[in-house]
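Below is one structure, written out as structure tokens; comments come after it.
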Amino acid sequence: SFNTNANNKTKWLNFRAIFTRWMPLGSVMYVGWCYIRASIDYEVSKVEIKFYEMFPFRVTSRLWGKMAACEIPVSLRSFVYGTYIRMFSVNLNDAAVTDLKYYKSLSAFFTRPLRDGARYISAAPCVSPCDGVVLNCGPADTDKIEQVKGVTYSLEEFLGENKWLKRKDESYYNSLLKNKENILHQCIIYLAPGDYHRFHAPCDWTATFRRHFSGKLLSVNPWLAKLIPGLFTVNERAVYVGEWEYGFFSMTAVGATNVGSIEIFKDPELRTNTKGKRNRVNELELGQVCMSKGELFGQFNMG
Amino acid sequence: STIILLFEAPKDFKFDMAAGDKVLVGQSLTKV
Numbered sequence: 058s059f060n061t062n063a064n065n066k067t068k069w070l071n072f073r074a075i076f077t078r079w080m081p082l083g084s085v086m087y088v089g090w091c092y093i094r095a096s097i098d099y100e101v102s103k104v105e106i107k108f109y110e111m112f113p114f115r116v117t118s119r120l121w122g123k124m125a126a127c128e129i130p131v132s133l134r135s136f137v138y139g140t141y142i143r144m145f146s147v148n149l150n151d152a153a154v155t156d157l158k159y160y161k162s163l164s165a166f167f168t169r170p171l172r173d174g175a176r177y178i179s180a181a182p183c184v185s186p187c188d189g190v191v192l193n194c195g196p197a198d199t200d201k202i203e204q205v206k207g208v209t210y211s212l213e214e215f216l217g218e219n220k221w222l223k224r225k226d227e228s229y230y231n232s233l234l235k236n237k238e239n240i241l242h243q244c245i246i247y248l249a250p251g252d253y254h255r256f257h258a259p260c261d262w263t264a265t266f267r268r269h270f271s272g273k274l275l276s277v278n279p280w281l282a283k284l285i286p287g288l289f290t291v292n293e294r295a296v297y298v299g300e301w302e303y304g305f306f307s308m309t310a311v312g313a314t315n316v317g318s319i320e321i322f323k324d325p326e327l328r329t330n331t332k333g334k335r336n337r338v339n340e341l342e343l344g345q346v347c348m349s350k351g352e353l354f355g356q357f358n359m360g
Numbered sequence: 069s070t071i072i073l074l075f076e077a078p079k080d081f082k083f084d085m086a087a088g089d090k091v092l093v094g095q096s097l098t099k100v
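Those sequence lines, one after another, are chains B and E.
Whatever position you read off the first sequence (first residue = 1), add 57 for the working numbering.
Whatever position you read off the second sequence (first residue = 1), add 68 for the working numbering.
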């Protein structure tokens with residue numbers, strides 16, 4: 058009995074000595090590992106973004122567009138579109154045609170028109186051009202504009218060289234303004250897959266110039282907009298500029314993964330997400346294209 | 069896909085919405 062107690066006491070003392078000796082070192086090592094792990098996680102996410110950007114979304118989007126344009130047998134339409142409706146919470150009650158068998162393809166369903174009276178056009182000077190979620194809105198009083206809180210994109214990269222106005226100014230920002238007492242304001246609206254995918258003129262305005270940037274087709278969902286600064290300056294987009302009652306006005310349709318095909322009804326020459334180099338820029342003087350508030354302007358097609 | 073409006077207006081021009089709000093076609097963007 059005596060020997061057993063002595064052995065236990067010795068073991069306990071040994072354990073306490075080891076614990077007190079190695080505990081501080083272990084703590085330091087653990088904190089160090091946490092720090093390294095946090096660093097690794099940060100680097101990995103950056104690497105993941107780089108890999109993500111390298112993925113050939115333009116090609117896959119074109120393939121997806123061709124698949125989505127294929128006619129679906131009438132017997133399968135309710136199932137296919139019904140699945141899409143459930144997946145993306147589509148509000149079919151607003152559609153002009155609620156019979157799912159009417160839509161020949163997923164592309165046709167995606168660009169379904171609204172029924173008459175489904176939307177009320179407000180008397181305000183500027184209204185929403187589309188259904189969606191506001192990513193950001195407010196004054197844009199510098200060359201760096203917020204795409205989401207704290208993440209910016211460059212105004213000049215986004216619009217490109219100011220060729221539509223004869224006014225010259227040292228500052229790109231000021232060269233856009235008709236009245237120097239004014240400032241620019243912006244509104245970014247994200248269209249989710251289940252939303253109505255046509256867009257309308259937000260006010261009475263005249264478009265005079267169009268610039269099409271062939272770019273990447275990264276997703277533009279709010280989560281990625283927080284991760285990738287300048288997201289809207291790298292994606293495929295059609296920029297329309299002109300004037301409204303206060304001066305400069307622009308409306309830009311930015312494509313995204315599987316939705317890179319932008320169609321503008323008053324600009325039939327526009328061709329987006331076509332084969333070829335990714336960094337092409339195509340410009341067109343439109344003359345005077347007058348748009349009335351609420352008038353149908355264009356749509357995003359699958360592909 | 070995304071629609072971006074960028075336009076000139078007086079400094080006191082105010083939006084009647086904030087980030088995260090759901091909007092519909094024709095809904096007022098501004099305070100009348």
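Glycine included, every Cβ here is placed at the ideal spot set by N, Cα and C.
Close beta carbons around B:Cys127, own chain, < 7 Å, minus the five adjacent residues each side: Along the first sequence, read from residue 1 onward, the residue named residue 127 of chain B stands at position 70. Correct list, in chain order: Ser162.
Own chain residues within Cβ distance below 8 Å of B:Val101, not counting five before or after: Stepping through the first sequence from its first residue, residue 101 of chain B is reached at position 44. In this prediction, B:Val101 scores a pLDDT of 49, lower than 50, which makes its location untrustworthy; no coordinate-derived value is stated.
Within 9 Å of chain E by C-beta, residues of the segment 265-281 of chain B in sequence order: Val277, Pro279
Strand pairing of B:Ala295, partner residues [DSSP]: The count along the first sequence starts at 1 and reaches residue 295 of chain B at position 238. Partner(s): B:His269, B:Ala310.
Residue environment, B:Gln356, which counts as buried when at least 16 other CB atoms sit within 10 Å: Taking the first sequence and counting its residues from 1, one reaches residue 356 of chain B at position 299. Buried is the call here.
CB contact flag (B:Thr290, B:Gly312, <8 Å): Position 233 of the first sequence, counted from the start, is the residue given in the question as residue 290 of chain B. Position 255 of the first sequence, counted from the start, is the residue given in the question as residue 312 of chain B. No, these two residues do not count as a Cβ contact at 8 Å.
Coarse secondary structure for B:Arg134, derived from DSSP in three states: In the first sequence, the residue the question calls residue 134 of chain B occupies position 77. The answer is helix: DSSP assigns B:Arg134 an H, G or I state.
Residue nearest to E:Leu97 in terms of C-alpha spacing, selected from B:Phe167, B:Cys183, B:Phe112, B:Asn64: For the purposes of this step, residue 97 of chain E is identified with residue 29 of the second sequence, where counting begins at 1. It is B:Cys183.
Endpoints, the alpha helix (DSSP H) within which B:Lys283 is located: Start at 1 with the first residue of the first sequence, and residue 283 of chain B comes out as number 226. 279-284 is the span of the alpha helix (DSSP H), which, as asked, contains B:Lys283.
First through last residue of the beta strand (DSSP E) which encompasses B:Met348: Taking the first sequence and counting its residues from 1, the one referred to as residue 348 of chain B is at position 291. Element bounds for B:Met348: 338-348.
Simplified DSSP assignment, three categories, for E:Ser96: In the second sequence, residue 96 of chain E corresponds to position 28, counting from 1. E:Ser96 falls in the strand class under three-state DSSP.
7 Å Cβ cut-off: residues of chain E touching B:Gly312: In the first sequence, the residue the question calls residue 312 of chain B occupies position 255. Ordered by position in chain E, the residues that pass the 7 Å Cβ test against B:Gly312 are Ser69.
Sufficient close CB pairs (3 or more, under 8 Å) joining the segment 137-145 of chain B to the segment 203-223 of chain B: no
Chain-ordered residues of the segment 297-308 of chain B with a beta carbon less than 7 Å from chain E: Trp301, Tyr303, Gly304, Phe305, Phe306, Ser307, Met308
Proximal residues to B:Lys123 (C-beta, below 8 Å), its chain only, five neighbours per side dropped: The residue labelled residue 123 of chain B in the question sits at position 66 within the first sequence. Excluding sequence neighbours, B:Lys123 sits near Gly360.
Short CB-CB distance (under 8 Å) between B:Gly195 and chain E: Walking along the first sequence from the start, residue 195 of chain B turns up at place 138. So yes, B:Gly195 belongs to the interface.
B:Ser58, buried or exposed, once every other Cβ within 10 Å from all chains shown has been counted against 16: Against the first sequence, residue 58 of chain B aligns to sequence position 1. Residue placement at B:Ser58 is flagged as unreliable, the pLDDT there being 48, under the threshold of 50; the coordinate-derived value follows with that caveat. Exposed, since its Cβ has fewer than 16 Cβ neighbours within 10 Å.
Length-filtered (3 minimum) beta strand (DSSP E) runs lying within the segment 184-253 of chain B: 189-197, 201-205, 208-211, 240-247
Partner residues on chain E for B:Cys183, Cβ-Cβ distance less than 7 Å: For the purposes of this step, residue 183 of chain B is taken as the residue at position 126 of the first sequence. The answer, in chain order, is Leu97, Thr98.
Neighbour list for B:Arg176 in chain E, Cβ cutoff strictly below 9 Å: Sequence index remark: in the first sequence, residue 176 of chain B carries index 119 (1-based). Residues of chain E passing the Cβ test: Leu92, Val93, Gly94, Gln95.
Residues that B:Gly251 contacts on chain E, provided the C-beta gap is smaller than 7 Å: Taking the first residue of the first sequence as 1, we reach residue 251 of chain B at position 194. Per Cβ cutoff of 7 Å: no residues; B:Gly251 is ~12 Å from chain E at best.
Beta-carbon proximity list for B:Lys323, same chain, < 6 Å, skipping 5 on both sides: Sequence index remark: in the first sequence, residue 323 of chain B carries index 266 (1-based). The answer, listed in chain order, is Val346.
N- and C-terminal bounds of the alpha helix (DSSP H) containing B:Phe114: Translated into the one-based positions of the first sequence, residue 114 of chain B becomes position 57. Residues 114-125.
Touch test, the segment 267-277 of chain B against the segment 333-353 of chain B, Cβ-Cβ under 8 Å, three pairs minimum: yes
Residues that B:Gly360 contacts on chain E, provided the C-beta gap is smaller than 9 Å: In the first sequence, the residue the question calls residue 360 of chain B occupies position 303. Near B:Gly360 there are no residues of chain E at all, since even the closest Cβ is about 12 Å away, more than 9 Å.
B:Phe167, enclosing alpha helix (DSSP H) - first and last residue: The residue given as residue 167 of chain B occupies position 110 in the first sequence. 163-167 is the span of the alpha helix (DSSP H), which, as asked, contains B:Phe167.
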